[in-house]
Amino acid sequence: MDNGERKDQLINDINALRKQRKAVILAHYYQPGDIQDIADFVGDSLQLAQQAARTDADVIVFCGVHFMAESAAILSPEKTVLLPEPSAGCPMADMVEANRLREAKAKLPGVKVVCYVNSSAEVKAESDICCTSSNAEKIVQSLGKEEILFVPDGNLGGYIAAKTNRKINLWPGFCPTHHRLAREDILKAREEHRGAKVLVHPECREEVWREADYVGSTAGIIKYAEDSTDTEFIIGTECGILHELTKRCPGKQFYMASAYMICPNMKKISLQKVKDALSNMVPVVTVSKEIREKAVCALERMLAVQ
785 MDNGERKDQL INDINALRKQ RKAVILAHYY QPGDIQDIAD FVGDSLQLAQ QAARTDADVI
845 VFCGVHFMAE SAAILSPEKT VLLPEPSAGC PMADMVEANR LREAKAKLPG VKVVCYVNSS
905 AEVKAESDIC CTSSNAEKIV QSLGKEEILF VPDGNLGGYI AAKTNRKINL WPGFCPTHHR
965 LAREDILKAR EEHRGAKVLV HPECREEVWR EADYVGSTAG IIKYAEDSTD TEFIIGTECG
1025 ILHELTKRCP GKQFYMASAY MICPNMKKIS LQKVKDALSN MVPVVTVSKE IREKAVCALE
1085 RMLAVQ
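Position one of the sequence shown corresponds to residue 785 (the numbering used here), numbered consecutively onward.
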């Protein structure tokens, strides 16, 4: 059996198991193209959280990283949530721990904790409201004049502070993939692709987003490129986005701002691992009742902000 035949067989097996298990497959835009293609729904963190909350499937196969599967388990405790590769973590999420957050809150009495979804269930349980890069500005504005501690992404928090023109206490965390992109990379890409619009994610450093034509979430970048009359774009986010961009924008050209915009954790899931997860119904991601009851409040508050 050649690779093409093996892939077709895996897809057939996954489709049969998906039906048998009454499962839905959710995939992030940063996943490998094969995974995006077999998913029932592909989206960014906000879209996936919304989908996990509303699905009527019995099983959620989450093709992303651990905090995303945890969020699905928090929002849908009656469903079985599978993460096909249990080691698919998030370095940014690991940069804040619940005990350290409690210590920080004690030093800032009355502070409202805005927690980026790229965080553990335990950290969400210590937070007042969650946000994603799609809705962070709206979430911060919803808190009026309250003092805010933004965790764990200092880059996104700094961008939102600039957008809302307010002081925000920032946690010193970051996404290694986005953080490594430098202003020099943008200037070099502009030189190589004159006239191309620069679209970057707000997890990038300030020196990067200050150089961009558009700053937005993964879904926001895709929509901008789709709606734009421009035909060439320099992309400053994880390279998995190219799969959706090229599908939605035929005839347009996309250039990565750097060859190093790749998240190794997002590339750990394969078709074989999805099949194995559905076959064996493991690995299951669960959240304890005590943690879930606290964390769900922060997520539901986020989903309620329109």
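Quick reminder that beta carbons are idealized off the backbone N, C-alpha and C, glycines included.
Pairwise C-beta distances place the stretch 1068-1088 in contact with the stretch 904-923, as three or more of them are shorter than 8 Å. In the three-state scheme derived from DSSP, where H, G and I count as helix and E and B as strand, Ile1046 is classed as coil. For the pair Ala1061 and Pro868, the CB atoms are nearer than the 7 Å cut-off. Between the stretch 922-940 and the stretch 999-1015 there are fewer than three inter-stretch CB-CB distances shorter than 8 Å, so the stretches are not counted as touching.
Between the C-alpha atoms of Ala1009 and Lys891 there is a straight-line separation of about 43 Å.
Residue state for Thr864 is assigned as strand, using DSSP reduced to three classes.
Under the DSSP assignment, Glu1016 falls in the beta strand (DSSP E) whose first and last residues are 1016-1020. Comparing alpha-carbon positions, the option among Asp797, Arg802, Ala856, Gly788 lying closest to Leu1087 turns out to be Ala856. The beta-carbon separation of Ile809 and Asp797, rounded to 13 Å, does not stay under the 8 Å limit for a contact. With a beta-carbon spacing of about 5 Å, Pro986 and Leu940 fall inside the 8 Å limit used to define contacts.
Residue pairing for Leu832: DSSP places it in no beta bridge. 7 Å or more divides the Cβ of Ile913 from the Cβ of Ala973.
In the three-state reduction of the DSSP assignment, Val992 falls in the helix class.
With a contact defined as Cβ atoms closer than 8 Å, Ser1012 and Lys981 qualify at about 7 Å.
Burial check for Ser1063: the Cβ neighbour count within 10 Å stays below 16, so the residue is exposed. Of Lys929, Phe958, Leu927, the smallest CA-CA separation from Gly942 is found for Phe958.
Classified as exposed, Asp786 has fewer than 16 neighbouring CB atoms from the shown chains inside 10 Å of its CB. Per DSSP, Asn787 has no beta bridge partner at all.
Here the C-alpha atom of Pro1048 lies approximately 14 Å from the C-alpha atom of His963.
Taking C-alpha positions only, Tyr813 is separated from Arg978 by approximately 27 Å. Gly788 sits exposed, since fewer than 16 C-beta atoms from the chains shown fall within 10 Å of its C-beta.
One Cα belongs to Arg886, the other to Glu968, and the distance between them is close to 38 Å. Nearest neighbour of Val843 by Cα position, chosen from Val1058, Val1089, Glu1077, turns out to be Val1058.
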